[in-house]
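Notes follow once the structure below has been shown.
Protein chains in written order, with this note's numbering: chain A, 5 to 302; chain B, 4 to 228.
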C-alpha cells in the first residue's frame with residue numbers, strides 16, 4: 005500500500021483527528037450522491053416510468069441483450085485476433101533477421117500511434133466499398149480496428165515479457181544446444197506469456213471499452229441499441245447510465261480477475277523462492293517489471 | 004497524384020488536427036488538476052477520502068469514453084440543459100473537453116500514485132528522522148521524487164488523450180480530424196486509402212515525438228538510486 009510510506013503509525017491524538025476528518029469525508033461522499041440524486045429528481049429525471057423500461061423483460065430481450073451480444077462478439081473476435089497478431093509481430097520484433105524485425109517494428113509502432121476511431125471509420129468505408137464480407141460490415145470494421153491497435157499493444161507485451169526474462173534463460177537454452185529461435189520458442193516465449201497474463205487480461209478491458217466506438221459507424225452494439233431505444237422515449241440519460249453500469253460490471257470483473265492472476269503468479273513465485281530451486285525466482289523479476297512495463301505500453 | 008493533392012486545398016486538414024490539439028490541451032489541464040486531487044485523496048490516511056478516490060477511479064476507468072462524452076452531450080446538455088457557455092459549437096467543444104478530462108483524470112490519478120510507489124520507504128523515514136512533519140515531508144521529499152517517477156505513465160496518458168481526442172466526434176465536434184476524415188472518404192471513394200494514411204501519419208507525427216520526449220525526460224530526471 006502506497007499510503008504506508010507517507011505516514012507514521014498515528015498516535016491517539018492523530019487517530020482522533022483522522023476519525024473526525026473521516027466522518028467529514030463520509031458526509032461529503034453521501035452529500036455528493038444525494039446532490040446528484042436530488043438534482044436529477046428536481047429536473048424530473050427520477051420518475052419511475054423513465055427507469056421502469058430497464059427492468060422490463062421486453063427491453064432486455066429486444067434491445068439490451070442483442071446489443072450486448074454484439075458487443076461481446078466484437079470483443080471476443082478482437083481478443084482472439086489481437087493475441088494472434090500480437091504473437092506474430094511480437095516474435096517478429098524479437099527476430100534476428102533485420103527485415104522481419106524492421107517490418108514488425110514499423111507495423112507495431114504505426115498502429116499503436118493511430119487512434120482506433122480513425123481505423124474504425126476507415127475500415128467501415130473501405131470494407132463496404134472494396135470487400136464482400138459475410139454479415140455485418142460494421143462488425144468487421146470494429147473487429148479489424150481492435151485487432152490492429154490491441155494486437156500491437158500485445159506485441160509489445162510479448163517483447164517486453166521476453167526482454168524482462170533473466171539473461172540466463174536464453175544462455176542456458178543455447179548452452180544445451182538449442183538455436184536462438186528454438187530457445188525463444190521453447191524457453192522464453194512460454195515464460196513470457198505467463199508473466200504477461202495479468203497485463204493481457206487488462207488489455208481485454210480496453211478492447212471491450214473500445215468496442216463501444218462502433219457506435220459512431222452505427223454498429224449494432226449495446227450503446228447504439230440503448231441510444232436508439234431511449235431516443236423516442238425521452239430517457240437517454242437513464243439508458244446511458246444503465247449501459248455504463250453494464251460495462252462497469254463486466255470490466256470490473258475482468259480487472260479483478262487480472263488482479264487475482266497477478267497475485268497468484270507472485271505467490272507461486274514466493275513459495276518457489278524459499279525452495280532452493282532457482283526456477284521460480286525468474287518469475288519474480290518479470291512479475292514485478294511486467295506491471296511496470298504494462299503501464300509503459302498502455 | 005494531382006487528384007490526391009487536391010484534398011489539401013478542398014479540406015482544411017491542418018485545421019482538423021489543430022482542433023484535436025486544442026481538445027487535448029484543455030482536457031490535459033483539467034485531467035491533471037482533477038487527477039492530482041484524486042491521487043491526494045487516494046494516498047491520504049483518511050479511509051473515506053480513499054474510498055471516494057477509489058470509487059471515482061474504478062467507475063470512470065471501466066466506462067467507455069464514448070459513453071462519457073455521449074453523456075455530457077446528450078444527457079447533461081440535451082436532457083438536463085446544462086451548458087458551458089459560448090455558441091452552439093463552442094458548447095459542444097467544451098462539453099467534449101469536460102468528458103475527456105473526467106475520463107483521463109482517472110488515469111492521471113493512477114499514474115501519480117504509481118509515482119509515489121517508486122519512492123523508497125527510507126526516504127519518508129529519513130524525512131521524519133530529521134524532524135519534518137507530514138506536509139513538509141510530502142512537499143520537499145516525497146512529491147518531487149514521485150512526479151519524476153510518474154513521468155512515463157503521465158506521458159502515456161497524454162498520448163492516449165491525444166488519440167482519444169478523436170472521440171469528440173461523438174460529442175458533435177465536427178471539425179476534429181476523425182469527423183473530417185469521415186466526410187472526406189465518403190466523398191472521395193477513389194482515394195480512401197491515401198486519405199486514411201494522411202490522417203494516420205499525421206497522428207504518428209504528433210504522437211511519436213511526445214513518446215520520445217517522455218522517454219528522454221524520464222531518463223534525464225530519473226532519481227539515481
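The C-beta atom is built at its ideal place from N, Cα and C for all residues, glycine as well. Nothing here was measured: the structure is a model prediction, and the numbers come from that model.
query, result
"For residue 117 of chain A and residue 211 of chain B, believed in contact at Cβ under 8 Å, the rounded distance", "6 Å"
"Backbone secondary structure at residue 279 of chain A - three-state DSSP", "Low local confidence applies: a pLDDT of 43 at residue 279 of chain A is under 50, so the model's placement there is unreliable, and no value is given."
"Residue ranges of each alpha helix (DSSP H) within the segment 29 to 102 of chain A, 4 or longer", "52 to 56, 69 to 98"
"Contacts around residue 156 of chain A, its chain only, beta-carbon distance under 6 Å, and the 5 residues preceding and following it disregarded", "112, 115, 116"
"Contacts that residue 13 of chain A makes with chain B (C-beta to C-beta distance below 8 Å)", "Chain B residues near residue 13 of chain A: none, gap ~10 Å exceeds 8 Å."
"Secondary structure of residue 15 of chain B, DSSP reduced to three states", "coil"
"Within 9 Å, strictly: CB atoms of residue 33 of chain B and residue 103 of chain B", "yes"
"Nearest-angstrom Cβ-Cβ length linking residue 226 of chain A and residue 78 of chain B, presumed shorter than 8 Å", "Not confirmed; about 16 Å, so no contact."
"Chain A residues whose Cβ lies nearer than 7 Å to that of residue 184 of chain B", "122, 125"
"DSSP three-state assignment for residue 97 of chain B, whether helix, strand or coil", "helix"
"Residue 176 of chain A burial status per 10 Å Cβ neighbour count (16 or more: buried)", "exposed"
"Proximity of residue 209 of chain B and residue 11 of chain B at Cβ, strictly below 9 Å", "no"
"Residue-level contact to chain A via CB, residue 67 of chain B, 9 Å cutoff", "yes"
"Simplified DSSP assignment, three categories, for residue 140 of chain B", "helix"
"Whole-Å CB distance - residue 256 of chain A paired with residue 65 of chain B, under 8 Å assumed", "5 Å"
"Option nearest residue 105 of chain B by Cα separation, candidates B:139, B:148, B:56", "B:56"
"Candidates B:216, B:200, B:218, B:30, of which the one nearest residue 119 of chain A by Cα", "B:200"
"Partner residues on chain B for residue 267 of chain A, Cβ-Cβ distance less than 7 Å", "Ordered by position in chain B, no residue passes the 7 Å Cβ test against residue 267 of chain A, which lies about 16 Å from the chain."
"C-beta neighbour in chain A for residue 91 of chain B, strict 9 Å", "no"
"Cβ-Cβ separation, residue 223 of chain A to residue 121 of chain A (assumed contact under 8 Å), whole Å", "So it is not a contact: roughly 12 Å between Cβ atoms."
"Residue 163 of chain A: contacting residues in chain B (beta-carbon distance under 8 Å)", "Ordered by position in chain B, no residue passes the 8 Å Cβ test against residue 163 of chain A, which lies about 16 Å from the chain."
"Contact set between residue 170 of chain A and chain B, taken where Cβ atoms lie within less than 7 Å", "What residue 170 of chain A touches in chain B: nothing, since even the nearest Cβ is about 21 Å away."
"DSSP state of residue 64 of chain B mapped onto helix, strand, coil", "helix"
"Extent of the continuous alpha helix (DSSP H) to which residue 14 of chain A belongs", "Taken as a continuous stretch (DSSP letters only), residue 14 of chain A belongs to no alpha helix (DSSP H), as it is neither H nor E."
"Cβ of residue 174 of chain A within 9 Å of any chain B Cβ", "no"
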